[in-house]
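Here the structure comes first, spelled out in structure tokens, and everything after it is commentary.
Protein chains in written order, with my numbering: chain A, 41 to 377; chain B, 19 to 195; chain C, 290 to 947.
Next up, the structure:
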């Protein structure tokens, strides 16, 4: 028993002190909105902790006093009660003042946040699907409008305006290290402004229960310097790289002859499906299946061979390929950078 | 006596519930099952062949999840391009009582997988076998052949016809009121 | 014993004047309890008010204590079932990609956990404590509308059983306890699962409404003579305010779920954006109920705290008037907060800010309550017994929950933590700390009254510490993991996000917390079988329920007490004054005026009847059938009409003929 308690505390410590840093942590802000919110969280939490400690002291103090006479419960000291009334009124007054202050603080924080994206140059339309993100980069020139899936590239250091809507049920877009969340509601268009201070990869997840694979609907914001971002955009607008190796050519033929073409689009080929993620530059992405798997040859093969085992309930069906056919398709897709 | 009745009732409910509410997302068991011919009839000269061991049709037929998936696929794969939400256009209507090639699950499955003369494409390579079964289940529901407790309900979309769970029962189609 | 004869309290009417209000002509009147000796009084009253033996007698009982006990046991069973759901979820979440429970079953589990805890445990159990205690605390013989009360129990039982049977049939709702459209709508929720949700909600809320109505009328009209508004115990005030909140809030969720089932079954477009509807309408309707719902669960618990504290602090509660006004203020304000559940939906900022202000404001009356309770303790060290331990646990835990609520009230802050484990931590802190801990304390406090035996003090302390440590170990880390990015309602999470260790710790705490309920169940059974006999008033408390035996007889009080103080038993240490004049051969209640509680009229109380059970079967069958076809409303109307006719068939009481 004597060793149990310190051990328990040590265990608890390792769990809690792993720090606030994290790929998807609201306490590890990487943009102005998230920084403002992190400061707000710490301030509120600190103030609330102080209030709680004071209440606990007031609760514990009677335990140190002498017991009251038990037999005469109605014998109450009116003078002491009057003093208590004054203390209670002061406490209520302080509570009210603190709450009014917090309300105003919250209101002003909201105003600061609203000002962040007002001069955004880039607009990205994000449409939620069960269980992936359709991303469309808007541009004044129609031929430069780009549609991809699941990962959103933005120029670092610049505010970006996200237009959020949904194709089916309510989803919620949330990148904790950059900003608060906002829902994607069918029939509505919501606006979220975000800005990443520095280049980097920021992970987020759908934050409104949307069905069987809500848990596996991750998204990434990849912030790059403006020049790199523009180069990336131009690359993505190119049609898919034509396969050169035999195996990849066989893979392309399989892609066009088998079910893949019914749902997916690969630019520059007859495949033009819009109900599933665009695969034109699939190999340039960091993850598969909305953040469920990291991009690799093995994972591509696993995903195509058995999507229902990895993400049961998702809309990707199990397509039957023989071993060689699977290798060919994977070889083809790997080349779509 | 009351206990017996209650148990029976529960058993009936249980069986009914199980079939309709199953959500098997990976029903495929054998590889290449899409290539096996699905017998449209078990009659053959010299007697009856017993039906195949994995009776796929039954597990898809009155299942709410599979029918709703079939409805989604009907839209995704543009069946409406010829069949217009079931009312027909270039292709025949699917909501009426006329079935050119048969209305059983196996017949519809064969129609979609292998195609038919006069314009029905063969989707065998392009749609996985289980999804063809889902589409077949949905097409049956368009004609009022599915129980209304399992049939798909209205779309969260513009509605061209009453939802399948409110369609008139197939037995009443084509008969004067 | 001093007695105040009813007849002599009234203006100068003699017993023989048939025109005096409530007095019948002698040939129609029966024996009264005036001047009767104790033994024959007990004999008469036990015969008149008792529940008949046998199965039919038990099913026909309208005794509020019998029905409340059934409610309490049923709600406790649902608590355990909901807890098992939670344990299953926590085992699945104890490590990344555990793979024990797939997404479909997990979605049903967390939906049923929420539905069970909110609709089948929390609201029924707080109403049940009211069904048991309110008539006793106001000095009445039975609750108002006793047959409606019985009906409400059968409706609740069948609704809950139906929901859990649907779980066995793979038909349990899997769209969350709040069932947002379009996910629960006709296109994205195939099958009957969401229909089960919709109808079960409407159906069990009929039960809540019925109890609320009965409670309001009991409190307003059936109080003992002398119990003016300022002498009503705080627990009764809490139940009165709660019942009003129920009456105004429940219809909103019944409308929301009815609209949902209309969309699904009948093809209306109420929530279909493509045909002119809106998905957000559902959220508004649901949360207009959903926020007051949590106050429905919390306010009775504050009443329990207000009942327990004076007994162990050995003085009346400080600030009685402030506490009453706070209860009423919270009841009103709770209707002005609902949009704080929708801050992430993209509402106009000015409107959202209004709800930040109102959500913060409700902390003021809550604060008044806390300060008044704390002030009650400041006179000296209280007597530490298990009920008080749970009240201390309530303070520690609920204040944390209330403070994280203040954090969540802020729109920008909420946008980071909405729909994460931070919110899960918050509402478990306020609901378990604010309602379950007081309920457990109330169980230890009133168990002696209900059963006549004391619960073990030693086991009680073990239970408290196990529950307190287990709860905090399970739920405090959730604040952190929510801030670290873990959203709600996920059946698994990736290993690379580093949430594995803390989730393992949380799951361990959850198991501990569950075990504390196992210990509690053991303590209850042990106490019921082998507990020390309790006597009338083992805690030397001050309210009226302690004036009668433990357990109370079927007629509650031999003679109706007269109240002179808010703590009647402390004020009248020698002998409690009583009023006499009620008949002993028929079920008769004393109705008093609303404000001053002057005795007004004698009123019949309904006799036992099997019709409430039959009516509940008819109504339940109609609802069950309506999940499958809207024609059920038509076909079900007939049995419902028949049973209601049988129920309300006039019995022709003699006074009706005058």
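Ideal Cβ positions, reconstructed from N, Cα and C, are used throughout, including at glycine.
On the three-state DSSP scale, how would you describe residue 264(A)?
Translated into positions along the first chain, residue 264(A) becomes position 224. Three-state DSSP puts residue 264(A) in a strand.
Exposed or buried, which one is residue 358(A) when buried takes at least 16 other CB atoms within 10 Å?
Stepping through the first chain from its first residue, residue 358(A) is reached at position 318. The residue is buried, with at least 16 neighbouring Cβ atoms inside 10 Å.
Could you tell me whether the Cβ of residue 49(B) comes closer than 8 Å to any Cβ of chain C?
Residue 49(B) sits at position 31 when you count from the first residue of the second chain. Confidence at residue 49(B) is low in this model, with a pLDDT of 42, below 50, so the placement of that residue is unreliable and no value is reported for it.
Please name the residue, chosen from 167(A), 220(A), 184(A), that lies closest to residue 206(A) on a Cα-to-Cα basis.
Taking the first chain and counting its residues from 1, the one referred to as residue 206(A) is at position 166. When only C-alpha atoms are compared, the closest one is 167(A).
Under 8 Å, Cβ to Cβ, is there at least one residue of chain B near residue 563(C)?
If you number the third chain from 1, residue 563(C) lands on position 274. With 8 Å as the cut-off, residue 563(C) counts as an interface residue toward chain B.
State the Cα-Cα distance for the pair residue 545(C) and residue 493(C), rounded to the nearest angstrom.
Position 256 of the third chain, counted from the first residue, corresponds to residue 545(C). Position 204 of the third chain, counted from the first residue, corresponds to residue 493(C). Cα-Cα distance, rounded: 14 Å.
Under a three-way DSSP split, which group does residue 892(C) fall into?
Sequence index remark: in the third chain, residue 892(C) carries index 603 (1-based). Correct three-state label for residue 892(C): strand.
Buried or exposed by the 16-neighbour rule on C-beta atoms within 10 Å, applied to residue 252(C):
Because residue 252(C) is not part of the residues shown, which for chain C are 290 to 947, the question remains open.
So within the segment 404–441 of chain C, which uninterrupted alpha helix (DSSP H) runs reach at least 4 residues, ignoring any that extend past its ends?
412–426
Check whether chain B comes within 8 Å of residue 358(A), counting only Cβ atoms and requiring the distance to be less than that.
Taking the first residue of the first chain as position 1, residue 358(A) is located at position 318. At least one chain B Cβ lies under 8 Å of residue 358(A).
If we cut at 8 Å on Cβ distances, does residue 635(C) have a partner in chain A?
As a first step, residue 635(C) must be located in the third chain, where it is residue number 346. It does; some Cβ of chain A falls within 8 Å.
Can you name, in chain order, every residue of its own chain whose Cβ lies under 7 Å from the Cβ of residue 466(C), other than the five neighbours on each side?
On the third chain, position 177 is the one that residue 466(C) refers to. Excluding residues within five positions, the ones whose Cβ falls inside 7 Å are 400, 403, 404, 407.
Those runs of the alpha helix (DSSP H) which lie wholly inside the segment 322–368 of chain C and span at least 4 residues
327–338, 343–349
Of all the options 192(B), 189(B), 150(B), which has the alpha carbon lying nearest to the alpha carbon of residue 90(B)?
By 1-based counting over the second chain, the position of residue 90(B) is 72. The option with the nearest alpha carbon to residue 90(B) is 150(B).
Tell me which residues of the segment 76–95 of chain B have at least one Cβ-Cβ distance to chain A shorter than 7 Å, keeping chain order.
94, 95
Reference residue 582(C), options 860(C), 413(C), 391(C), closest by Cα
In the third chain, residue 582(C) corresponds to position 293, counting from 1. Taking only the C-alpha atoms, the option nearest residue 582(C) is 413(C).
Looking at the structure shown, is residue 48(B) part of a helix, part of a strand, or coil, going by DSSP?
Your numbering for residue 48(B) matches position 30 in the second chain. Because residue 48(B) sits at a pLDDT of 40, beneath the cut-off of 50, its placement in the model cannot be relied upon, and the point is left open.
What are the uninterrupted segments assigned as alpha helix (DSSP H) that are 4 or more residues long and contained completely in the segment 274–362 of chain A, given in chain order?
286–297, 300–303, 337–345, 347–350
When DSSP labels each residue in this structure, what does residue 631(C) get in the three-state scheme?
Here the question's residue 631(C) lines up with position 342 in the third chain. DSSP places residue 631(C) in coil when its eight states are reduced to three.
Does DSSP put residue 311(C) in a helix, in a strand, or in coil?
The count along the third chain starts at 1 and reaches residue 311(C) at position 22. Note that residue 311(C) scores 48 on pLDDT, short of 50, meaning its location in the model is unreliable and no value can be drawn from it.
Kindly provide the ranges of any beta strand (DSSP E) runs that are 3 or more residues long and lie completely inside the segment 208–238 of chain A, ordered along the chain.
211–213, 222–224, 230–235
List, in chain order, every chain C residue whose beta-carbon is nearer than 9 Å to that of residue 347(A).
Within the first chain, numbered from 1, the residue matching residue 347(A) stands at position 307. What residue 347(A) touches in chain C: nothing, since even the nearest Cβ is about 13 Å away.
Any chance you could list the alpha helix (DSSP H) runs of at least 4 consecutive residues sitting entirely within the segment 534–616 of chain C, in chain order?
568–602
Classify residue 487(C) as buried or exposed, calling it buried when 16 or more other Cβ atoms lie within 10 Å of its own Cβ.
As a first step, residue 487(C) must be located in the third chain, where it is residue number 198. Buried, because 16 or more other Cβ atoms sit within 10 Å of the Cβ of residue 487(C).
Would you check if there are 3 or more beta carbon pairs closer than 8 Å linking the segment 244–255 of chain A to the segment 707–723 of chain C?
yes
With distances taken Cα to Cα, identify the nearest neighbour of residue 760(C) among 726(C), 739(C), 771(C), 468(C).
The sequence position of residue 760(C) within the third chain is 471, counting from 1. Comparing Cα-Cα distances from residue 760(C) to each of 726(C), 739(C), 771(C), 468(C), the minimum goes to 726(C).
Let me check one thing: in DSSP terms, what residues is residue 243(A) bridge-paired to?
Counting from one through the first chain, the residue named residue 243(A) turns up at place 203. According to DSSP, which records beta bridges pairwise, residue 243(A) is partnered with 260(A).
Would you kindly check if the distance between the Cβ of residue 170(B) and the Cβ of residue 85(B) is under 8 Å?
Residue mapping note: residue 85(B) aligns to position 67 of the second chain, counting from 1. Residue mapping note: residue 170(B) aligns to position 152 of the second chain, counting from 1. For residue 85(B) and residue 170(B), yes; Cβs fall inside 8 Å.
Contacts of residue 145(B) in chain A (Cβ-Cβ under 8 Å)
Residue mapping note: residue 145(B) aligns to position 127 of the second chain, counting from 1. Those within 8 Å of residue 145(B) in chain A are 299, 302.
Inter-residue Cα distance where the pair is residue 50(B) and residue 361(A):
Position 32 of the second chain holds residue 50(B). Position 321 of the first chain holds residue 361(A). Residue confidence is low: residue 50(B) scores 46 on pLDDT, short of 50, so the model does not pin down where it sits. No coordinate-derived value is stated.
Between residue 653(C) and chain A, is the shortest Cβ-Cβ distance under 8 Å, so that the two count as touching?
For this step, residue 653(C) is matched to residue 364 along the third chain. Judged by the 8 Å Cβ criterion, residue 653(C) is in contact with chain A.
Members of the segment 161–178 of chain B near chain C, C-beta cut-off 9 Å
166, 167, 168, 170, 171, 172, 173, 174, 175, 176, 177
Verify whether the separation of the beta carbon atoms of residue 175(A) and residue 194(A) is less than 8 Å.
Here the question's residue 175(A) lines up with position 135 in the first chain. Here the question's residue 194(A) lines up with position 154 in the first chain. Going by C-beta atoms, residue 175(A) is not nearer than 8 Å to residue 194(A).
7 Å Cβ shell around residue 78(A) - same chain, five flanking residues per side excluded:
Position 38 of the first chain, counted from the start, is the residue given in the question as residue 78(A). Once the five neighbours on either side are set aside, the close Cβ partners of residue 78(A) are 66, 67, 69.
Reference residue 624(C), options 899(C), 716(C), 648(C), closest by Cα:
Sequence index remark: in the third chain, residue 624(C) carries index 335 (1-based). Closest by alpha carbon: 648(C).
Going along chain C in order, which residues have a C-beta closer than 8 Å to the C-beta of residue 36(B)?
On the second chain, position 18 is the one that residue 36(B) refers to. What residue 36(B) touches in chain C: 458, 459.
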